[in-house]
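Presented below is the structure to which this report refers.
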Amino acid sequence: MQLRNFGLSIFMITALVASCKRNSETNQQPESISAENGEKLARLYCASCHQFPEPEMLPKKIWSQTILPRMGYMYGIYNSETERQNLFENNQGGAIVKASGLFPDAPTLDSITWANIQKYYLTKAPDSIFQHSPLKIIGESTLFKTLIPDQKVNVPSTTLAKFTSEGTIYIGDAFTKSFSEFSKDLGLLKTGNVPEGAVWTTTSKDTLWLTVMGSFSPTDAPLGVIAKSTGNGTFSVPIKNLQRPVHTSLGDVDQDGDEDILVCEFGKWTGALSLHVNQGEDTYVKKVLHAKPGAIKAYFRDMNADGLMDIIALFAQADEGIDIFYNLGNTNFRRERVLEFPPSMGGSFFNVQDYNHDGHLDILFTAGDNADYYPILKPWHGVYLYTNNGSNVFKKTRFLPLNGAYNAVMEDFDLDGDQDIAAISFFPDWAQNPKEAFVFFENIGTTYQAYTFKEVNWGRWVVMDAMDYDRDGDTDLVLGSLAFEALPKLGFEKVWMEKGIPFVVLENQSR
């Protein structure tokens with residue numbers, strides 16, 4: 003999940019110019035303050051570090067109240083010293099951020115240059131941005147039967163919902179700090195206490211690995227862990243001191259016969275994509291592959307068919323995009339950006355699979371995070387399919403608009419020979435189209451028809467998994483609910499709390 007993904011309240015654009023400060027050394031001071039001068043300076047200071055943030059991407063109010071002040075922090079521009087000190091947590095996370103130099107204690111940009119940059123954005127930014135017409139949802143799908151567990155919770159806080167190969171369901175709950183297993187019939191089998199934010203599981207050689215953020219709320223404190231089941235209902239913790247890890251993958255990257263662990267340390271202001279190289283006897287050596295926050299998903303894949311395990315990863319904070327880390331041997335990698343997104347994209351999920359069956363790995367991607375400032379509808383939010391030409395050049399071949407899209411699965415759900423898409427939205431259009439919180443896009447040839455399910459607004463769906471969990475030959479879904487505050491306030495939170503539903507299963511009725 004990801005509230006930035008996970009309650010993962012991402013401060014993506016807040017890091018808009020963090021890596022650009024070196025350009026301030028040019029100190030090209032204009033003679034006057036104007037939008038024209040401001041554009042030149044903005045392109046000089048930022049465009050070399052990430053995709054240039056066009057003013058038209060966000061309303062003027064957000065630039066004025068949120069983005070520009072945060073940009074200023076990274077140039078050492080504050081209203082007071084107290085404002086700077088408030089950026090540092092009173093814990094190890096605060097010390098990490100202070101040591102990073104992200105927030106200078108004195109201005110690194112002259113006042114005229116900064117005034118010009120502000121002038122440019124506040125002059126060119128619109129009062130509001132273009133919106134699509136609301137998604138036309140035909141009605142409730144007859145393809146899925148909604149199954150709801152008898153077990154209710156006081157505060158739905160699901161951060162993990164995942165099918166197992168045995169047909170059971172793992173559920174992580176941030177509020178109760180628990181990790182539970184439910185039966186195929188949705189009865190509670192067992193539960194145990196874990197640190198806050200159990201967010202991901204993976205299994206290898208009959209061993210269960212559990213990724214725990216350590217903090218549901220945004221923090222740079224290294225509280226996260228990777229835990230390993232010992233086989234008797236308890237866990238050992240071979241990897242700890244991680245900055246809000248949200249995803250892990252296992253693979254023998256160095257071809258020595260044991261599995262190494264790839265970790266997305268999402269963090270807050272700081273973070274990393276890190277590789278933990280297995281030394282045997284539950285000992286790992288950490289190697290940072292990319293010392294930037296915002297890694298959400300990362301997979302081991304041989305992307306260039308050379309027999310070595312490469313890495314493909316989604317970064318969703320500031321410098322948003324998808325990167326391939328080509329394996330050069332001896333745990334060395336060459337990073338290449340294959341998809342670049344604007345800082346306001348709101349990347350939330352991706353998967354890698356040969357979706358068009360041509361022998362090359364394609365990318366299914368969702369954009370929909372809206373937790374960096376008060377939520378606004380964004381026309382680029384939705385589900386994307388990027389197909390691979392065979393040389394890891396990816397072309398957008400499909401886009402389905404969906405406000406606040408958070409996860410998507412592309413499968414032949416109705417078994418008619420073509421691929422449909424199931425998607426959840428954590429930030430739907432609550433006012434006009436709240437039922438887009440879950441959408442089943444049925445493939446009808448050249449287009450899609452959108453359906454939902456009756457109980458769609460009984461929870462706020464933040465995580466989703468897909469598998470034929472009842473082993474009847476079709477793909478089922480499990481959705482986890484996180485009762486995070488919705489804006490505008492329209493009474494949905496009351497329903498979520500009253501229902502107390504931690505998750506639902508959408509059981510496919512095709513067979």
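Using our numbering, read the sequence shown as starting at 3 and increasing by one per residue. Note that the Cβ used here is the ideal one computed from N, Cα and C, for glycine as well.
CA-CA distance, residue i and residue j?
i, j, result
"N510", "P504", "20 Å"
"A97", "S82", "20 Å"
"V99", "D222", "7 Å"
"W463", "P295", "24 Å"
"A163", "V480", "7 Å"
"P197", "S182", "13 Å"
"T236", "T204", "16 Å"
"D187", "L508", "12 Å"
"E261", "W211", "12 Å"
"V385", "L341", "15 Å"
"V248", "I298", "6 Å"
"N25", "P57", "With a pLDDT of only 43 at N25, under the threshold of 50, the placement of this residue in the model should not be trusted; the figure read from the coordinates follows. Their backbone Cα atoms lie some 20 Å apart in a straight line."
"D360", "N390", "9 Å"
"F442", "K230", "35 Å"
"F396", "L277", "25 Å"
"G502", "L149", "14 Å"
"L225", "V255", "26 Å"
"D107", "S217", "28 Å"
"M347", "G419", "32 Å"
"T449", "V458", "23 Å"
"W432", "A488", "8 Å"
"I579", "N88", "Residue coverage of the chain in this structure runs from 3 to 513, which leaves residue 579 outside it and unanswerable."
"R246", "S34", "44 Å"
"C266", "L46", "31 Å"
"T250", "G269", "14 Å"
"V354", "A424", "16 Å"
"S36", "R72", "21 Å"
"G259", "P430", "45 Å"
"L402", "Y388", "12 Å"
Quick check on residue i: buried or exposed, where buried means 16 or more other Cβ atoms within 10 Å of its Cβ?
i, result
"S102", "exposed"
"Y80", "buried"
"Q319", "buried"
"F132", "exposed"
"Q434", "exposed"
"Q67", "exposed"
"P220", "buried"
"H492", "The sequence given here places Leu at residue 492; His does not occur at that position. When all chains shown are included, L492 counts as exposed."
"P490", "exposed"
"M59", "buried"
"P344", "buried"
"M215", "buried"
"M466", "buried"
"E338", "exposed"
"K121", "buried"
Quick one: what's got a C-beta closer than 7 Å to residue i's C-beta in the same chain, skipping five residues either side?
i, result
"A184", "The residue you asked about is not Ala; residue 184 is Phe in the sequence shown. Excluding residues within five positions, the ones whose Cβ falls inside 7 Å are P151, T170, I171, I173, L190, L191."
"Q281", "V287"
"D312", "R303, D304, M305, N306, I326, F327, Y328, N329"
"P109", "Y77, G78, I79"
"D129", "P61, K62"
"T232", "S238"
"V227", "P197, V214, G216, V239, I241, K242, L244"
"S206", "L252, E261"
"G323", "F317, R339, L341, E342, F343"
For residue i, which residues in the same chain have their Cβ closer than 6 Å to its Cβ, ignoring the five residues on either side in sequence?
i, result
"S257", "Residue identity differs from the one stated: residue 257 is Gln in this sequence, not Ser. There are no such residues."
"I119", "G40, L43, A44"
"A468", "V411, T477, L479"
"G392", "H362"
"H292", "L275"
Is there a Cβ of chain C sitting closer than 8 Å to that of residue i, yes or no?
i, result
"Y301", "Any reference to chain C falls outside this structure, which holds one protein chain only."
For residue i, collect the residues of the same chain with a Cβ closer than 8 Å to its Cβ; drop the 5 residues on either side in sequence, then sort them by chain order.
i, result
"E142", "Y453, T454, F455, K456"
>> As an exercise, report each continuous alpha helix (DSSP H) stretch of at least 4 residues that is fully enclosed by the stretch 232 to 277, in chain order.
In response: Annotation: the stretch 232 to 277 contains no complete segment of the alpha helix (DSSP H) (minimum length 4 residues).
>> Quick check on the DSSP output: what are the complete beta strand (DSSP E) runs of length 3 or more inside the stretch 322 to 360, in order along the chain?
In response: Correct list: 323 to 331, 334 to 342, 349 to 355.
> Considering only residues of the stretch 173 to 208, which uninterrupted alpha helix (DSSP H) runs meet the minimum length of 4 residues and lie entirely inside it, listed in chain order?
Replying inline: Here no run is fully enclosed.
> Does the stretch 406 to 422 come within contact of the stretch 362 to 378, defined as at least 3 CB pairs closer than 8 Å?
Replying inline: Yes, the stretch 406 to 422 is in contact with the stretch 362 to 378.
> Would you say the stretch 399 to 407 touches the stretch 369 to 376, given that touching needs at least three Cβ pairs under 8 Å?
Replying inline: Judged by Cβ distances under 8 Å, the stretch 399 to 407 makes contact with the stretch 369 to 376, as three or more pairs qualify.
>> Count Cβ pairs between the stretch 463 to 472 and the stretch 376 to 383 that sit closer than 8 Å; are there 3 or more?
In response: Verdict: no, contact absent.
> Is it a yes or a no for the stretch 425 to 442 touching the stretch 133 to 146, going by three-plus beta-carbon pairs under 8 Å?
Replying inline: Taking one beta carbon from each stretch, the stretch 425 to 442 and the stretch 133 to 146 have 3 or more pairs nearer than 8 Å; the two touch.
>> Going residue by residue through the stretch 364 to 451, where are the continuous beta strand (DSSP E) segments of at least 3 residues, counting only ones entirely within it?
In response: You should have 364 to 369, 384 to 390, 396 to 403, 407 to 413, 422 to 427, 440 to 445.
> Does the stretch 230 to 246 come close enough to the stretch 304 to 324 to have 3 or more Cβ pairs within less than 8 Å?
Replying inline: Segments in contact, no.
> What are the start and end residues of each continuous beta strand (DSSP E) run of 3 or more residues lying completely inside the stretch 473 to 511, in chain order?
Replying inline: Taking only runs of at least 3 residues, the beta strand (DSSP E) segments lying wholly in the stretch 473 to 511 are 478 to 483, 505 to 510.
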